[in-house]
Each structure stands twice: as structure tokens, then as C-alpha cells.
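All residue numbers in the sequence shown are consecutive under the numbering used here, ending with 737.
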Amino acid sequence: MRNFTEDWFWEPMFNKLPVGAVLISLKTEQIVMMNERFCEILGSTRSELLTRKPRELLVLKGLSQKALQRIESYDVANGLQETISFQSADGRAMSITAEFSLLASPANGKEPLILCCIDRAEIKEAPLPMIGQEELLALILKSGQDLISISNADGIIEYISPSATHLLGYRQEEMVGRHRAEFYHSADSEEMKQPGKLFSDSEIFNRSIRHKDGHYLWFETSFHVIRGAEGQITKVLAIARNITKRKIDEDTLARAQRIAKIGSWRWDLVTRTLSFSEEIRRIYGYQLEPIERDHKSLLSAVVTEDRKRLRRAILSAIKGQPDEIIYRIQVEGGTIRTLRAQWEVSARSEGKPIELVGMAQDITEESLIAQQLVENEKKYRLITENSLDFISRNTIDDCTFLYCSPSCYSLLGYNPEELVGTSAFDYVYPEDIGPLKAYLQRTLDETSLTPITFRYLHKGGRHIWFEVNCKFITGQDGHREIISIARDISERKRIEFKLKESEQRYRSLFEYNPLAVYSMNLEGEYLTANPNLQKLTGYSLDELVGMYYGPIVADKDLPRTQYHFNQAKEGNPQSYDLSIIHKDGHPIEINTVNIPIIVDEEVVGVYGITRDITERNRSMEEIKKLSRELTLLLNTVSEGFIGLDINGKVAFINPAGASMLGEDAGDVIGRSCDQIIREIRHDGSFYRGRNSPLRWLSCKESLSFEPKSCCGGAMEPASWPITKSIRSGIGASAKVP
């Protein structure tokens with residue numbers, strides 16, 4: 001029996017099978033071998049199981065009498081499948097499917113061997129503690145069923161829903177019996193030690209839970225506390241919803257608002273409540289609460305001179321008019337800040353406004369600069385005369401130039417005196433005149449305008465893109481004017497066009513690439529994927545986005561895949577082969593290239609390019625098999641075979657050929673053919689030089705007609721035929737006398 005296992009070619013593959021497998025000898029009633037998966041399912045070690053008889057195995061104990069009779073009579077040539085339920089040695093309730101196959105029949109004089117394969121174990125859910133249906137219903141009604149747990153008053157988990165495996169990577173039995181705080185971030189775990197923070201019947205907690213592989217996910221958790229007749233806590237039901245993406249989006253938005261000094265707000269016109277973002281509260285010096293019952297607190301912070309104008313804008317907003325306004329507020333310490341506010345109106349189908357959503361940006365610095373320009377003409381001219389931007393003053397009615405900075409010559413080809421007294425509309429690209437007039441008319445009542453982009457016509461006939469910042473001011477004579485600063489953004493527009501073109505090319509390369517292309521964040525979660533990845537894995541784009549790659553990778557390749565992914569995160573491109581599991585369960589062999597995504601010299605993600613190499617690997621195996629069969633054939637025939645490369649050196653010789661030449665095969669390989677073979681004609685004379693058939697074939701094989709060093713001399717016997725091999729060189733064969 002031992003010789004069989006030592007010589008068995010498939011033993012390494014047997015040990016790596018993804019299902020449990022055991023090989024049984026019916027003759028000796030002994031276990032020949034078993035793999036690790038079989039031991040894992042039964043909950044015992046290999047050494048323990050090998051000491052038992054096959055009938056003592058839990059798998060065979062659960063077989064029906066009919067199945068046992070078929071096995072003992074070797075009636076499993078076509079296979080036998082049976083479902084068995086039992087309790088493993090470590091106490092787990094198991095339900096498996098066992099398949100029995102006859103590897104060798106005693107009718108052929110061989111030792112009868114039975115192979116038993118056990119499909120993956122399906123672990124039953126942990127028993128649900130006894131609680132009332134009303135309490136379960138209260139929990140379900142309180143929130144959606146994402147991750148449900150039941151714990152005692154001390155926080156020890158007594159039940160966790162099966163979704164824990166999908167969401168957190170833990171099996172139920174790994175979490176049951178442990179304290180809830182063990183699975184949270186350390187900061188949250190410390191907070192949970194405080195009174196009323198472990199759970200709450202009224203408060204909802206947003207906390208981060210550690211996934212089994214180490215990364216953290218944000219969950220929003222609500223609770224339902226079950227109390228006994230005397231008011232003591234008996235059970236705590238909790239339901240947690242994964243809000244990781246929402247949390248990331250909120251943090252990103254808050255960071256963007258802080259950088260841009262832009263705060264957001266929402267006004268519910270039905271309930272009359274206003275809600276303010278953290279950034280807008282910071283801009284207001286925290287004079288506003290997150291939720292305000294009316295707009296009085298907002299108005300109280302506005303300086304007296306601007307309060308009436310802002311109140312008028314608010315009344316227009318309530319009537320459903322989107323608008324923009326600039327006003328000033330006073331914060332603690334007497335500091336004055338200038339804000340630009342904009343909003344949009346949402347209305348019911350009948351047109352009645354129900355909600356305002358807007359933003360406010362702190363433009364204090366920009367406003368101060370503009371004021372200083374107006375107040376100090378000398379400084380203003382110093383700036384305008386030396387600025388590369390086109391600075392101008394225009395009338396309100398027809399936008400006539402009152403002043404043009406010297407830069408207009410380098411930008412537009414006109415001297416300042418050519419422009420002064422003419423209308424700016426005469427130099428605006430025709431298609432942009434209408435939008436520019438509407439923009440100026442719409443914002444006539446404001447002191448400054450948001451930037452606008454349009455095209456000026458150069459004196460030479462071409463058009464130039466400008467980004468223009470405008471401001472309405474009142475001159476010393478009491479007339480209102482427009483001050484504008486126009487910046488040439490033609491290069492930026494060109495870059496934007498190139499960027500858009502590049503983006504479109506990238507998207508085309510991404511969408512229509514014959515390979516599977518995707519991107520992931522540093523946690524290994526898919527961000528984007530083209531249709532080929534969806535086709536390759538069987539998962540839709542909605543399923544892939546946000547999914548961690550781990551569950552798709554075959555278990556045997558997961559450590560190696562994580563290693564290569566970590567290397568890519570460190571900036572080192574990786575290429576490697578692995579197996580993935582299609583959504584329907586079948587394995588696919590792939591080659592994957594991981595490329596780091598680097599922004600500002602920092603790795604922010606990983607690109608992946610994957611192709612299916614299942615057929616390639618299958619073809620390579622076939623080629624290797626054919627090569628082995630050919631080598632076996634040549635080594636067993638009685639004819640002598642010699643293979644030469646294109647330089648006339650021996651590349652292969654079979655044992656019969658080496659024996660005929662009186663040489664060892666290893667000594668012949670690599671030697672020139674003229675050292676071991678001499679060719680003769682039928683009349684007994686020697687072939688020499690270019691007349692040698694072997695030399696002629698060698699030269700023809702290499703597509704060169706120049707003489708090559710090959711064979712010269714006689715070959716015995718003269719009747720040996722000469723043949724040409726394909727691509728690799730030429731060959732000679734001879735029969736043994």
C-alpha cells in the first residue's frame with residue numbers, strides 16, 4: 001500500500017483539492033490517504049483519523065444501508081452521491097454531500113480502492129436565542145436588515161446574523177461569545193466603556209468596525225433594549241447598516257468645503273427649518289446651530305447696511321426665485337467677513353417651492369483686494385499698468401471702454417487708445433454677445449459678479465478665450481461702472497480640450513479594451529471596471545464597485561495576490577498568474593498586471609489589467625504532454641534518431657542511435673555532426689564541402705546558402721536515409737543492423 005502512495009503521480013494534486021477527499025482500501029479496510037480539507041470538515045487531525053477504520057468515520061456512519069451495500073459490492077462504478085448530516089468533532093453541525101467512486105475494480109485483478117469526495121461544508125446558523133416575536137418585529141421595523149446581533153447586558157454577543165461573513169469576513173462562530181467592543185476601532189472601543197455608550201435605546205451610533213482582513217468599515221447602529229419584569233436589561237438587539245461610502249463622501253465634501261471656504265445650507269420651506277454644514281458654521285464664527293428653526297439667527301449676524309438687501313433676497317427666494325447675493329457678516333471679535341451666497345429652488349409639481357439648497361463662500365480676501373483697488377488709484381494703476389491680465393473700466397449701458405490696461409496690446413493686438421470709447425461688445429465673439437449681455441443684466445443689482453468665460457476677437461482675426469471677473473462700482477461722479485479683469489485662458493482651454501480628448505481616449509481604451517481593465521483603491525475595493533471584467537467574473541458593475549477583491553480570488557492564491565497588491569501599493573508594478581472564482585462557482589485562470597496610480601508622487605490606487613489564460617494553460621499542458629509522449633516514443637524505437645540544429649550540432653539522439661555509434665548520449669549532445677558521422681555516396685566516395693546532404697539541408701533550414709560547418713566524411717552504412725526536421729533543425733534516422 002505504501003508503494004502505491006509513494007508512486008502515485010496525483011498525490012500532490014489530491015492534497016490540494018478544494019473539497020474533502022479520502023481514499024479507502026476495501027480489501028484491507030484501511031484508509032490509504034486523506035487531504036487537509038477532509039480533516040478540516042470532520043474537525044479532527046490527520047493523525048487521529050488515520051488510526052480509525054473507515055466505518056468509524058463520521059462520514060460513513062451517516063450513510064444509508066443501501067449506500068453501504070452498494071459500496072461493499074463495488075457497485076459505484078458510475079458514482080454514488082448521498083447527503084449526510086452529522087456533528088463534527090469540534091461540535092459544529094454539518095451538512096455535506098459525499099460522492100463515492102471506484103478507482104480500481106477487483107475484476108481486473110487490482111486492489112479495490114474507493115475515493116470519497118466531500119463537497120464544501122455548509123455551516124448552519126448559530127441558534128437564535130429565545131426572544132419574543134414582538135421584540136424581533138420591533139427591531140426589523142426600526143431599521144433595514146443589514147447586520148443584526150443580539151447581546152446580553154454586558155455586551156457579549158449571543159447571536160450574529162449570517163451577513164457578518166459577507167460584511168466583515170467573520171464566520172458566526174468566530175463572533176458569538178465575544179464582547180462587541182473587540183471588533184471596533186480602538187477609539188470607539190474606549191468610548192463604549194463610558195456609561196450609556198455601549199448601547200442606547202434612543203441614540204444611533206456611527207462607528208467603525210474592523211473587517212477580518214484588517215481594514216475598517218463605518219456602520220450606523222441602532223438598538224432595541226429588552227427588559228425583564230423588574231426593569232433589568234435581558235437582551236440588547238442591534239442592527240447596523242454599512243455607511244462606509246456615505247461617510248467617505250461626507251468627509252470628502254467637508255474637506256473640499258474647508259479648502260474652498262464654501263459652506264452649504266438647506267432651507268426646508270415646509271417645516272421652516274434651516275440646516276447648516278460645519279464649514280458654514282465656521283465661517284459664521286459658530287453663531288449658527290446645525291439646525292435653526294427660522295432665519296433670524298442668520299440675519300442677526302449680517303451687518304446693518306446689508307441686512308435689508310439680504311431680507312429682500314430671502315423673500316424672493318421663498319417665492320421660488322434662484323439668486324445670488326454678496327453681503328457682509330460680523331463675527332466674534334468684530335471681524336467683518338464678506339460672503340457670496342447662491343441657491344436653487346425645488347418645487348412641487350404645481351410649482352410651489354418646498355426647499356432651498358444653497359452655498360456661501362467666504363470671499364473676504366477677494367473683496368478687500370477689490371476695495372483697495374478702488375480706494376487707491378495710484379496702486380490701482382501700478383497694478384493695471386504692469387499686470388499681464390487685461391484690466392478695464394466700462395460703462396453699464398453699452399459697456400463702452402473707459403480705461404484699458406496696456407496689456408490689451410499683447411493680448412488683443414489693440415493699443416489702449418484704439419479701444420477707449422468703443423463698446424466691448426464690438427470685440428466679443430458673436431456667439432458670446434447674447435450670454436454676456438444677459439449675464440450683466442441679471443446681476444446688475446449686485447456689487448460684484450461671479451467669473452464668466454467668453455471669447456474676444458484678436459485684431460488679427462483669431463479668437464482668444466478669457467475668464468473675466470467683473471465688479472460694479474460707483475464712481476466719484478455717482479455713476480456706476482464695471483471694473484473687469486480678463487485673464488487669457490486660451491492655453492488652459494487648449495489643455496482642457498486635450499485633457500478631454502485624452503479622457504475620451506482613455507475611456508475608449510478602458511471600455512473597449514479586449515482585456516478586463518479596472519481600478520481599485522488602496523483597500524483593494526473596485527472603483528471602476530470595464531464590461532470585460534464583468535464578463536470574466538460574472539459580477540455586474542454595481543456588484544463590483546465597492547467590493548473587496550478577496551472573495552473573488554481562489555483561496556490558494558489569496559496570500560500571493562495580497563503580496564503582489566501590496567507591492568503595487570508601494571509603487572512597484574506587478575504581473576502574476578492566479579485563479580479566480582466566477583460568480584457561478586467555476587474557477588478561471590488569469591494573468592493580472594497591477595500598476596500603481598500615482599498622483600503628486602503619491603500612490604492613491606491601483607490599476608488592474610487581466611486576461612483569461614485558462615485556454616493557454618490548457619494548450620501548454622497539451623504541448624508538454626505531446627512532447628513527453630514523443631520523447632518516450634523515440635527512446636523506445638529500435639531505429640536510431642539524431643536531431644541536428646541549424647549549425648549542424650547534435651541537439652537530440654535516442655538510445656538506439658547512441659548505441660549504433662558506440663557513444664553515450666550525453667557525450668554526443670552539442671558536438672558537430674562531422675565528428676561522429678561521415679557521409680559516402682553509393683559508389684563509396686565521400687561527400688565533401690557543399691555536396692554534403694546534411695550540410696545542404698542545414699543551410700536550407702537556416703535560409704542561408706553560405707557554407708556552414710556540419711558534416712564531412714563517411715557515414716556507415718551508406719544506405720541510411722537523411723530526413724529534415726521542422727524549425728528546430730534537421731534529423732537523421734537509421735535502422736539497427
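For every residue, glycine included, the Cβ atom is placed at its ideal position computed from N, Cα and C.
Note that the region 385–399 does not touch the region 311–328; fewer than 3 beta-carbon pairs, one per stretch, sit closer than 8 Å.
By the CB criterion at 7 Å, residue 668 and residue 653 fall inside the cutoff. Secondary structure at residue 80: strand, using DSSP grouped into helix, strand and coil. Nearest to residue 293 by alpha-carbon distance, out of 277, 307, 267, is 267. Residue 42 holds the alpha-carbon nearest to the alpha-carbon of residue 92 among 61, 656, 48, 42.
Within 10 angstroms of the beta-carbon of residue 620 lie fewer than 16 other beta-carbons, which makes it exposed. The region 144–156 and the region 221–235 touch, with no fewer than 3 CB-CB distances between them shorter than 8 Å. Leaving aside the five residues that flank residue 387 on each side, the residues in its chain whose CB is nearer than 7 Å to its CB run, in chain order, 405, 407. Residue 532 counts as buried, since at least 16 other C-beta atoms from the protein chains shown sit within 10 angstroms of its C-beta. A contact is defined here as three or more CB-CB pairs under 8 Å, and the region 240–259 fails this definition with respect to the region 336–353. Straight-line spacing of the CA atoms in residue 54 and residue 35 works out to 15 Å.
Minimum Cα-Cα distance from residue 542 among the listed residues 553, 272, 530, 550 corresponds to 530. The criterion of a C-beta distance shorter than 7 Å is satisfied by residue 363 and residue 338. Within the same chain, and ignoring the five residues on either side of residue 523 in sequence, the residues whose Cβ sits closer than 8 Å to its Cβ are 215, 548. Short of 6 Å from the beta carbon of residue 495, and not among the five residues preceding or following it, lies no beta carbon of its own chain. Of the candidates 307, 146, 73, 146 places its Cα closest to the Cα of residue 239. Within the same chain, 299 come within 7 Å of residue 307 by CB-CB distance, once the 5 residues on both sides are set aside.
Here DSSP, grouped into helix, strand and coil, assigns residue 587 to strand. Of 357, 322, 296, the smallest CA-CA separation from residue 265 is found for 357. In this structure, the CA atom of residue 520 is about 11 Å from the CA atom of residue 568. With contacts defined as CB atoms closer than 7 Å, residue 588 and residue 582 qualify as a contacting pair. By the Cβ-count criterion, residue 401 is buried, with 16 or more other Cβ atoms from all chains shown falling within 10 Å of its own Cβ.
In this structure, residue 270 sits near residue 354, with a CB-CB distance shorter than 7 Å. The alpha carbon of residue 276 has as its nearest neighbour, out of 283, 291, 262, the alpha carbon of 291. Between residue 577 and the set 188, 608, 585, 604, the nearest pair of CA atoms involves 608.
When C-alpha distances from residue 655 are compared across 101, 62, 639, 52, the shortest belongs to 639.
Residue 223 is a Cβ neighbour of residue 200, given a cutoff of 7 Å. Cβ contact annotation for residue 170 (same chain, cutoff 7 Å, sequence separation greater than five): 164, 212, in chain order.
In the structure shown, the three-state DSSP call for residue 152 is coil. Residue pairing from DSSP places residue 235 in a beta bridge opposite 226.
With distances taken between CA atoms, residue 62 lies nearest to 84 out of 84, 191, 47, 52. Residue 177 and residue 184 have their C-alpha atoms some 16 Å from each other. A contact is defined here as three or more CB-CB pairs under 8 Å, and the region 615–632 fails this definition with respect to the region 596–606.
A direct Cα-to-Cα measurement between residue 507 and residue 535 gives close to 18 Å. Each residue's CA atom was taken as its position, placing residue 556 and residue 467 some 58 Å apart. Between residue 281 and residue 288, the CB-CB gap stays under 7 Å.
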